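**Q**
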Amino acid sequence: MAPKPMSGFKRFGSIASRFAEDRRGGVAIMFAGASMAILTLIAGSVELHQRSLGGTELQKAADAAALAAKRTETDSLTTMQRAQARAAGEIAGKRIFDAAISEASVFDGVARPNATITWLADGSSKVTVKAKLNTLFAGIIGEAFSDVEVQATANFSVPLPTEVALVLDNTASMFMKDGRAQTRFTQLRDSAKLFTHQLFNAAEQSGSKDWLRLSVVPWAATVNVLSEAPRAPDVAGDAAVTPIPDYGSKRPVASPMLRGGRVNVNSALFAPVGWRGCISGSGEAPGPSDASGMIWNALNVPNNSLDTVTIQQGKMMPIPYRRCTYKQEAYECPPPPPPPSSSGSSSSSSSSSWSSSSSSSSSSSSSSSSSSSSSSSSSSSSSSSGGMQGFLDDLKTTDAPVQPAAFFGDRFKDADVLQPPVQKANTCYRTVEDRCWTETVMELRCDGSIPSKTYPACEQDIKEGRRNVYSANPIVCANNSQSGACVLAGTERTQNIGACVGDPNEHKWTGAWCPWVPRTDWTKFDPTIGPNLNCPIPMLGLSGNRRQIIETLDRMTPVSGGTHTDVGLRWGMRTLSPDGDWPSFFGLSKPPVKWKGEETKMMILISDGENSQAIDYPGYWGCKGYVNPGCTGSPDQAALDQRTTQWCNYLKNEKKVDLFVIAVNFTNPQAVQLLNNCAGPNKNGVARFYRIDAAELKNVMKIIAGQVVKLRITS
């Protein structure tokens, strides 16, 4: 069996020992010993550098893997169970680790190190790596020097108190699909819920319940102040984004703050459904202001007058009619007139020729003295034209004046009168009475002796949603086809309709739906009628309760009316304000943090439409009425754009709010530029303005969520 080879270090020692026995090598031994020490020092320095370099690369890769695993787990919790989310995090962490190691040359020539990812009790991701470095002097300093082990754990840091206002467009245009399977509104809701879960997942795993609060401000042309008070902080909750129908959960706020003394409400104006909570800002200053203590008027959409149907009423009356039958009599036609004299003047030189087979009225009238006419009708015949014209003339002599149509209808069936006579050559004809009699017929007459009746129409013209016509009280209506008709008194056709509205957002209303408003599915937002037709759901002040925020987002539903971006910004700021009575207005037990300018306050404005004037239906600032009367005071688009710019600058520059703006499916370049200018400047390479399709909302909201909460390496 061959001897086992010695290591380089042992071999060097054996040679040195033999050399030392030789007296002649004393000096050489001393030199060799010094050289050995120097060589060992050099080898150790090289390997220490190699080990340090390899350890640094391993630690960087482990840190990146821990962060990636934790971030992926957190993001996946919105769609997966925790075990699945952690499995996804492990895959992502190992992928990041492998990519980082592949670029480190210190591991060339040795087996690639592997990362082991586990999860700690506090939710941290832990990465453990054991590796063997590629050493140059393992024979001198030992192979154990090449073994390296590193660890990294990642979790969420506890940042400064963070307050975020979600200012969300709830106008009806959010029901557009734009070729997608889901509407803009569903995309908006789901992305806002995803954002909420991402933040609260971080809050839950950081172990703090106090640093994160969110407010929700649904807006259109106004806002709803019948808010509920924020509940006690609670970061727990199901992190899955559960889809719901476009129209929302239909679960009204259980315990709203009733705003006694803060809103003037005329209850009679809101029959039959009651005031839903929206207000008019007509008494406010249009420019930016943090003033408090104000009082508003309830926003009412007036009911237009219902279209009416007027029905004439009459009675059955005995009407006498003179009836006759007629016959044709022949007589010899008179000779034609003599030809004109050649010396006659031109004015009398023309004449008509006579036809021997004529049955015209002219031949009949020329024989007015004929003795062949009946004695009972000679006077009548001598003054009438005969034929059809004679028949029409005879109608005028009936006892009661009637229209000829009565005789051509069901009451006279002698068709011979309407047939031309059989003509013979050289014979003229005239129509004469054969026999006559009087008939009395019971007939309906609307002669004004019985007053007409007026009813609301059973079919109202809502002009494609531009007229607000509903019934605050039960009505008896008439069919539109009866308008102007003459009916026997008491026989008009009517229908009973209860008090009704046509507003799908009146979730508490159990009465009738007005039959003149179409009811289709919510993929098309049909015309809405009622006193609250443009009223979105109530706002929610700053809340640290995850479930309450999700409930509010699920409650959202689109409404009719215009787009007033300045109103959303105004009320978004008020939810963040620590000043005046705003904390108590929103029912906060702990006021918001001061306006410190430390980026502790954030606002996210999402809209899918340019500013639009409130037309026909009043908004926060009034309206301009074309179809509906009485609308005044509404600012036009230019004024609304100016107010939007003022509020954006005020929030960014005066209040130091970190302002993100997302324009969804915008096409108007001027409107895009307005919102681009509204957003804050880019920070840390992250944009504050996004122009996107609704399908991209989730990704954008993930990016913004990453600016609110940052992961940190904990060890």
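Heads up: the sequence shown at position 686 corresponds to 1724 in the numbering used here, and the numbers run straight through without jumps.
From the three backbone atoms N, C-alpha and C, an ideal C-beta is built for every residue, glycine too.
Here the structure is a predicted model, which is why all the values come from computation and not from measurement.
Out of G1528, P1556, G1486, which one is the CA nearest neighbour of E1502?
**A** The residue given as residue 1502 occupies position 464 in the sequence shown. For the residues G1528, P1556, G1486, the minimum Cα distance to E1502 belongs to P1556.
**Q** Quick check on the DSSP output: the alpha helix (DSSP H) that includes L1591 runs from which residue to which?
**A** Start at 1 with the first residue of the sequence shown, and residue 1591 comes out as number 553. Element bounds for L1591: 1584-1593.
**Q** Would a C-beta distance cut-off of 8 Å place C1371 and C1474 closer than the cut-off?
**A** Locating residue 1371 in the sequence shown gives position 333, where the first residue counts as 1. Locating residue 1474 in the sequence shown gives position 436, where the first residue counts as 1. For C1371 and C1474, no; Cβs fall outside 8 Å.
**Q** Rounded to the nearest angstrom, what separates S1038 and C1484 at their Cα positions?
**A** With the chain covering 1039 to 1753 only, the question about residue 1038 has no answer from this structure.
**Q** Short of 7 Å in beta carbon distance, which residues of its chain neighbour I1730, apart from the five on each side in sequence? Order them along the chain.
**A** Position 692 of the sequence shown, counted from the start, is the residue given in the question as residue 1730. Answer for I1730: I1700, V1702, V1738, listed in chain order.
**Q** For S1229, is the classification buried or exposed, using 16 other Cβ atoms within 10 angstroms of its Cβ as the cut-off for buried?
**A** Your numbering for residue 1229 matches position 191 in the sequence shown. Buried, because 16 or more other Cβ atoms sit within 10 Å of the Cβ of S1229.
**Q** To which residues does DSSP link E1481 through a beta bridge?
**A** Working through the sequence shown from its first residue, we reach residue 1481 at position 443. Looking at the DSSP assignment, E1481 forms a beta bridge with M1355.
**Q** Here's a check: name, in chain order, each residue in its chain whose Cβ is nearer than 7 Å to the Cβ of S1521, leaving out the five neighbours to either side.
**A** Stepping through the sequence shown from its first residue, residue 1521 is reached at position 483. Hits under 7 Å: V1347, T1348.
**Q** If you draw a straight line from the alpha carbon of P1565 to that of P1574, how long is it in whole angstroms?
**A** Translated into the one-based positions of the sequence shown, residue 1565 becomes position 527. Translated into the one-based positions of the sequence shown, residue 1574 becomes position 536. Distance between the alpha carbons of P1565 and P1574: 16 Å.
**Q** What residues match up with K1491 in a beta bridge as DSSP calls it?
**A** The residue given as residue 1491 occupies position 453 in the sequence shown. Partner(s): I1349.
**Q** Looking at the secondary structure, which residues open and close the beta strand (DSSP E) in which Q1533 lies?
**A** Along the sequence shown, one-based indexing puts residue 1533 at 495. 1532-1535 is the extent of the beta strand (DSSP E) around Q1533.
**Q** Which residues mark the beginning and the end of the beta strand (DSSP E) in which C1524 is found?
**A** Working through the sequence shown from its first residue, we reach residue 1524 at position 486. Where C1524 is concerned, the enclosing beta strand (DSSP E) stretches over 1524-1526.
**Q** M1641 bridges to which residues according to DSSP?
**A** Reading the sequence shown from its first residue, position 603 is the one you call residue 1641. M1641 pairs with A1203, L1697.
**Q** Please work out which residues of its chain come closer than 7 Å, Cβ to Cβ, to S1211, disregarding the five sequence neighbours upstream and downstream, and give them in chain order.
**A** Working through the sequence shown from its first residue, we reach residue 1211 at position 173. Here the set comprises D1646, G1647.
**Q** Enumerate in chain order the residues of its own chain whose CB-to-CB distance from N1715 is below 8 Å, with the five nearest sequence positions on each side excluded.
**A** If you number the sequence shown from 1, residue 1715 lands on position 677. So the list reads T1683, C1686, once near-sequence residues are dropped.
**Q** Taking C-alpha atoms, which residue in L1607, T1638, P1656, I1642 lies nearest to V1597?
**A** Within the sequence shown, numbered from 1, the residue matching residue 1597 stands at position 559. The residue with the shortest Cα to Cα distance from V1597 is P1656.
**Q** So the candidates are D1679, Y1728, A1258, L1591; which of them puts its Cα closest to the Cα of G1286?
**A** Translated into positions along the sequence shown, residue 1286 becomes position 248. Checked all of D1679, Y1728, A1258, L1591; the closest Cα to G1286 is L1591.
**Q** Considering only the beta carbon of each residue, do A1241 and L1105 sit closer than 8 Å?
**A** As a position in the sequence shown, residue 1241 is number 203, starting the count at 1. As a position in the sequence shown, residue 1105 is number 67, starting the count at 1. Cβ atoms of A1241 and L1105: not closer than 8 Å.
**Q** Suppose you measure from the CA of W1249 to the CA of A1270; what does that come to, to the nearest Å?
**A** Here residue 1249 is taken as the residue at index 211 of the sequence shown, counted from 1. Here residue 1270 is taken as the residue at index 232 of the sequence shown, counted from 1. Near 13 Å, if we compare the C-alpha coordinates of A1270 and W1249.
**Q** Which residue spans inside the stretch 1238-1262 form an unbroken beta strand (DSSP E) run of at least 3?
**A** Here the runs fully enclosed are 1250-1257.
**Q** If you draw a straight line from the C-alpha of W1313 to the C-alpha of N1335, how long is it?
**A** Within the sequence shown, numbered from 1, the residue matching residue 1313 stands at position 275. Within the sequence shown, numbered from 1, the residue matching residue 1335 stands at position 297. Going by the C-alpha atoms only, they are around 11 Å apart.
**Q** Where Y1658 and W1257 are concerned, what is the direct C-alpha to C-alpha distance, given to the nearest angstrom?
**A** Locating residue 1658 in the sequence shown gives position 620, where the first residue counts as 1. Locating residue 1257 in the sequence shown gives position 219, where the first residue counts as 1. Rounded to whole angstroms, Y1658 to W1257 spans 10 Å at the Cα level.
**Q** Measure the Cβ-Cβ separation of V1746 and T1200 and say whether it is below 8 Å.
**A** Counting from one through the sequence shown, the residue named residue 1746 turns up at place 708. Counting from one through the sequence shown, the residue named residue 1200 turns up at place 162. A contact, by the Cβ cut-off of 8 Å.
**Q** Going by CA-CA distance only, name the one from S1140, R1227, H1235 that's closest to M1118.
**A** Within the sequence shown, the letter at position 80 stands for residue 1118. Here the closest residue by C-alpha is H1235.
**Q** Rounded to a whole number of angstroms, what is the C-alpha to C-alpha distance between S1162 and L1678?
**A** Here residue 1162 refers to the residue found at position 124 of the sequence shown. Here residue 1678 refers to the residue found at position 640 of the sequence shown. Going from the Cα of S1162 to the Cα of L1678 covers about 48 Å.
**Q** Whole angstroms are fine: how far does the CA of K1170 sit from the CA of E1187?
**A** For the purposes of this step, residue 1187 is taken as residue 149 along the sequence shown, with counting starting at 1. For the purposes of this step, residue 1170 is taken as residue 132 along the sequence shown, with counting starting at 1. When rounded, the distance between both Cα atoms is 9 Å.
**Q** Is the beta carbon of V1167 closer than 8 Å to that of A1149?
**A** Taking the first residue of the sequence shown as position 1, residue 1149 is located at position 111. Taking the first residue of the sequence shown as position 1, residue 1167 is located at position 129. Not closer than 8 Å, so no.
**Q** Could you check what DSSP says for M1577 in three-state terms: helix, strand or coil?
**A** On the sequence shown, residue 1577 is found 539 positions in, with the first residue counted as 1. Reduced to three states, the DSSP call for M1577 is strand.
**Q** Closest to N1722 by CA distance: which of T1705, A1709, G1321, I1742 is it?
**A** Reading the sequence shown from its first residue, position 684 is the one you call residue 1722. Nearest of T1705, A1709, G1321, I1742 to N1722, Cα basis: I1742.
**Q** Just tell me which of S1581, A1219, A1537, P1358 has its CA closest to the CA of P1268.
**A** Against the sequence shown, residue 1268 aligns to sequence position 230. Ranking the options by Cα distance to P1268, first place goes to S1581.
**Q** Going by alpha carbons, who is nearest to V1631 out of A1125, L1252, R1222, K1132?
**A** Within the sequence shown, the letter at position 593 stands for residue 1631. For the residues A1125, L1252, R1222, K1132, the minimum Cα distance to V1631 belongs to L1252.
**Q** For V1514, does the count of other Cβ atoms within 10 angstroms reach 16, so buried, or fall short, so exposed?
**A** The residue labelled residue 1514 in the question sits at position 476 within the sequence shown. With fewer than 16 Cβ atoms within 10 Å of its Cβ, V1514 is classed as exposed.
**Q** Going by C-alpha distance, which of R1593, T1705, G1319 is nearest N990?
**A** Residue 990 falls outside the range modelled here, since the chain spans only 1039 to 1753, and no answer is possible.
**Q** Is there contact here, the stretch 1320-1328 with the stretch 1279-1296, by at least three beta-carbon pairs under 8 Å?
**A** In short, these stretches do not touch, since the Cβ pair count stays below three.
**Q** Using a threshold of 8 Å, state whether the C-beta atoms of Y1359 and V1470 are closer than that.
**A** Working through the sequence shown from its first residue, we reach residue 1359 at position 321. Working through the sequence shown from its first residue, we reach residue 1470 at position 432. No, the Cβ-Cβ distance between Y1359 and V1470 is not below 8 Å.
**Q** DSSP three-state call for W1334: helix, strand or coil?
**A** Counting from one through the sequence shown, the residue named residue 1334 turns up at place 296. In the structure shown, W1334 sits in a strand (DSSP, three-state: E or B).
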